[in-house]
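Engineer: Next up is a structure, given as structure tokens.
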Amino acid sequence: MHPPVPPRLADLAANLPWVNYVPVVDPDLSDRSRAYARILKNPLSWWPEMGMLLVGQHRLVRDMLANHKDFSSRESVPFNFAGRSPAVTAELEKLPDYGELMITADGERHRQLRKPYGDGFTHRRVTSREPLMRSRFAELIEGFRLDGQVELHDGYAVPGLRPVVNSFVGYGDTEREEKVVDRMCWATNVMLQPPSLVDEYDQLEAVGAWRAAHRYITRLMAQRRRELPADNRDLLYDLVHSFMSDAEVFWHACLTRVAGEQTTRYLLLDVIEVLITEGLWQQAVCADEEPREQLLDAVIEETLRAGSPSLRSGSQHAGLVRITTGWVEYGGQRLPPNTPVMFMSAVANLDETVYPDPHAIVLNRPNVREHMGFGWGIHRCLGALMARTEVRVAVEALLRSLPTPRLAQTEPDPVAHLLFNGHNTLRISW
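Each position in the sequence shown, counted from 1, maps to that position plus 55 in my numbering.
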């Protein structure tokens with residue numbers, strides 16, 4: 056049963072095609088491509104399950120992301136979903152208000168909040184973590200190399216990326232600290248889902264995990280304030296020594312950990328799948344260093360666009376919400392103020408008018424860098440270099456140790472989430 060159409064949007068919804076899309080359950084969970092085709096068919100569609108518009112055509116998505124004057128980002132992180140129970144709402148009120156975040160701010164305020172990240176995601180800072188990446192992935196491979204098989208999500212991607220991202224942000228590496236941070240990430244994923252899709256008990260557990268993370272990060276913030284500048288400083292140091300309030304530092308540290316690991320994890324698994332299924336693994340193993348790097352770079356970019364071949368779901372980040380700031384002509388419609396629009400970057404990356412044969416992996420696409428796997432415009436992902444580097448290092452480590460892997464999973468196991476696309480599990484053998 057769909058929620059009622061808001062009266063102010065009733066005329067608009069009545070004039071648009073409706074697209075039913077619930078990617079957390081079948082049939083859309085197993086095959087997003089059918090809904091994607093319906094979204095691409097028209098400039099705008101009505102999304103009855105969420106009470107908002109959907110847009111997926113490449114040109115329209117790019118135009119929206121380039122126009123923060125008419126399309127605000129203030130609802131990009133939808134923690135304040137309507138319909139939460141009184142008990143959950145009461146617990147949420149005990150947490151600091153996140154106010155404006157980099158991802159929800161527009162214009163000059165966005166640029167201000169973005170600056171500490173620009174200082175933190177420098178080429179020098181990213182490459183300084185490469186030794187940690189190499190040693191961690193090598194350690195994991197040594198642990199399963201003689202087994203003849205591994206489930207890559209829990210056995211490689213998660214334990215490989217977690218310490219790297221934690222180190223980059225500034226989290227500790229003790230078992231207790233890792234547990235607090237992992238629970239914080241789980242909580243963030245829970246609270247990014249509409250309340251109707253998540254049990255109240257899980258929501259309450261999530262808020263409790265956030266509160267534990269808040270206590271932990273508050274202690275880290277106090278430590279960073281006492282530290283002197285150093286070459287090996289982390290992102291938390293940059294945030295603490297910026298103009299941000301304590302609440303802003305907490306929420307940015309929380310969201311950066313989720314954004315910095317989750318989509319990269321899914322990208323890594325998708326790239327491995329592409330290399331194996333497209334017959335490129337052996338080519339990469341046999342290539343000299345420079346041609347191999349060029350091949351991996353091309354595969355990463357095309358996978359950022361097309362996503363997993365078996366899931367047919369497009370890029371690892373599905374999209375986000377924008378809100379109209381006033382009356383605006385868009386997609387052949389006149390949208391009233393405060394109209395929510397979900398831009399589907401994953402759908403735009405499969406627009407055949409821009410990318411012929413969109414589900415095919417074509418390594419020499421001349422326009423592949425126009426993909427929206429890392430967003431577009433002023434909100435383009437600052438962690439893009441970090442993600443590309445992590446994936447390249449992780450894949451290179453596997454290439455050195457596993458010359459002939461094959462997929463050992465008969466059915467895809469997709470992630471059930473509104474905002475992310477990827478594999479829950481991906482098993483290979485050799």
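Note that CB positions come from ideal geometry on N, CA and C, so glycine has one too.
So, are the CB atoms of Asn479 and His165 less than 8 Å apart?
Structural biologist: Contact flag unset, no.
Engineer: Is Ser400 near Val116, with beta carbons less than 8 Å apart?
Structural biologist: Taking 8 Å as the Cβ cut-off, Ser400 and Val116 qualify as a contacting pair.
Engineer: Quick check: Leu322 and Ala463, are their CB atoms within less than 8 Å of each other?
Structural biologist: In this structure, Ala463 does not lie closer than 8 Å to Leu322 by Cβ.
Engineer: For Leu420, which residues from the same chain have a beta carbon less than 7 Å from its beta carbon, with the 5 sequence-adjacent residues on both sides left out?
Structural biologist: The residue you asked about is not Leu; residue 420 is Arg in the sequence shown. Excluding positions up to five away in sequence, the list reads Glu357, Tyr410.
Engineer: Please check the pair Arg63 and Pro391, which I expect to be a contact at CB under 8 Å, by giving their CB distance rounded to whole angstroms.
Structural biologist: Indeed, because the Cβ distance is near 6 Å, the residues count as touching under 8 Å.
Engineer: Using alpha carbons as the reference points, say which of Val448, Gly386, Tyr211, Ser251 lies closest to His113.
Structural biologist: Of the listed residues, the one whose Cα sits closest to His113 is Gly386.
Engineer: Within the continuous beta strand (DSSP E) that includes Gln167, where are the two ends?
Structural biologist: Gln167 -> not in any beta strand (DSSP E); alpha helix (DSSP H) instead, spanning 162-175.
Engineer: Pop quiz: Ile94 and Ser100 are said to be a contact at Cβ under 8 Å. What is the actual Cβ separation, rounded to whole angstroms?
Structural biologist: Right, the Cβ-Cβ distance comes to about 6 Å (below 8 Å), so this counts as a contact.
Engineer: Closest Cβ-Cβ distance between Ala90 and chain D: below 8 Å?
Structural biologist: Going by chain labels, chain D is absent from the structure shown, which holds only one protein chain.
Engineer: Can you give me the start and stop residues for the beta strand (DSSP E) that Thr379 sits inside?
Structural biologist: Unbroken beta strand (DSSP E) run through Thr379: 375-379.
Engineer: May I ask which residues mark the beginning and end of the alpha helix (DSSP H) holding Pro141?
Structural biologist: First-last of the alpha helix (DSSP H) with Pro141: 141-147.
Engineer: Can you tell me whether Val74 is buried or exposed, with buried defined as 16 or more other CB within 10 angstroms of its CB?
Structural biologist: So Val74 counts as buried.
Engineer: In the DSSP assignment, find the unbroken beta strand (DSSP E) run with Tyr256 in it and report its ends.
Structural biologist: First-last for Tyr256: 255-281, but that is the alpha helix (DSSP H), not the beta strand (DSSP E).
Engineer: For Ala142, which of Val313, Gln317, Ala261, Gly438 has the nearest alpha-carbon?
Structural biologist: For Ala142, the nearest C-alpha among the options comes from Ala261.
Engineer: So if DSSP puts Arg389 in a beta bridge, which residue, or which two residues, is it bridged to?
Structural biologist: Answer by DSSP bridge pairing, in chain order: Glu384.
Engineer: State the start and end residues of the unbroken alpha helix (DSSP H) segment that holds Ser365.
Structural biologist: Looking at the DSSP string, Ser365 is not in any alpha helix (DSSP H), and its letter there is neither H nor E.
Engineer: CB Lys149 to CB Arg238, shorter than 8 Å?
Structural biologist: Result no, Cβ atoms of Lys149 and Arg238 do not sit closer than 8 Å.
Engineer: Just list the residues that DSSP pairs Trp73 with in beta bridges.
Structural biologist: Paired residue(s): Trp101.
Engineer: Comparing C-alpha positions only, which one of Leu481, Glu466, Ser456 sits nearest to Phe192?
Structural biologist: Here the closest residue by C-alpha is Ser456.
Engineer: From the DSSP output, read off the bridge partner residues of Gln204.
Structural biologist: Answer by DSSP bridge pairing, in chain order: Ser484.
Engineer: Classify Met107 as helix, strand or coil using the three-state DSSP reduction.
Structural biologist: Three-state result, Met107: strand.
Engineer: Between Phe223 and Leu324, which are expected to be in contact by the criterion C-beta below 8 Å, what is the C-beta distance as a whole number of angstroms?
Structural biologist: Not quite, the Cβ-Cβ distance comes to about 20 Å (not below 8 Å), so this is no contact.
Engineer: Beta carbon of Met119, beta carbon of Phe475: below 8 Å?
Structural biologist: No, the pair does not count as a contact, with Cβ atoms beyond the cut-off.
Engineer: Under a three-way DSSP split, which group does Phe223 fall into?
Structural biologist: Of the three classes helix, strand and coil, the one that applies to Phe223 here is helix, per DSSP.
Engineer: For Phe398, report the span of its beta strand (DSSP E) as first-last.
Structural biologist: Here the beta strand (DSSP E) through Phe398 covers 395-398.
Engineer: What do you get for Tyr76, buried or exposed, if any count of 16 or more other CB atoms within 10 angstroms of its CB means buried?
Structural biologist: Under this definition Tyr76 is a buried residue.
Engineer: Short check: CB of Val448 to CB of Glu185, under 8 Å?
Structural biologist: In contact: Val448 and Glu185 (Cβ atoms closer than 8 Å).
Engineer: Closest to Ala92 by CA distance: which of Gly111, Pro103, Val80, Pro78 is it?
Structural biologist: The option with the nearest alpha carbon to Ala92 is Gly111.
Engineer: Under a Cβ-count criterion, where at least 16 other Cβ atoms within 10 Å of its own Cβ denotes burial, should Tyr256 be classed as buried or exposed?
Structural biologist: Tyr256 should be labelled exposed.
Engineer: Hey, could you find the ends of the alpha helix (DSSP H) Glu425 is sitting in?
Structural biologist: That residue, Glu425, is in no alpha helix (DSSP H); it is neither H nor E in DSSP.
Engineer: Quick check on Phe192: does DSSP put it in helix, strand or coil?
Structural biologist: In this structure, Phe192 counts as helix in the three-state DSSP scheme.
Engineer: Report buried or exposed for Cys309, applying the criterion of at least 16 other Cβ atoms within 10 angstroms of its Cβ.
Structural biologist: Looking at its Cβ environment, which holds 16 or more other Cβ atoms inside 10 Å, Cys309 is buried.
Engineer: Which two residues bound the contiguous alpha helix (DSSP H) that contains Val340?
Structural biologist: It spans 336-341 - the alpha helix (DSSP H) in which Val340 sits, taken as one unbroken run.
Engineer: Helix, strand or coil for Phe305? Go by DSSP, reduced to three states.
Structural biologist: Of the three classes helix, strand and coil, the one that applies to Phe305 here is helix, per DSSP.
Engineer: Which one or two residues does DSSP pair with Ser127 in a beta bridge?
Structural biologist: In the DSSP output, where bridge partners are listed per residue, Ser127 has Ile378.
Engineer: May I ask you to report which of helix, strand or coil DSSP gives Pro218?
Structural biologist: Pro218 falls in the helix class under three-state DSSP.
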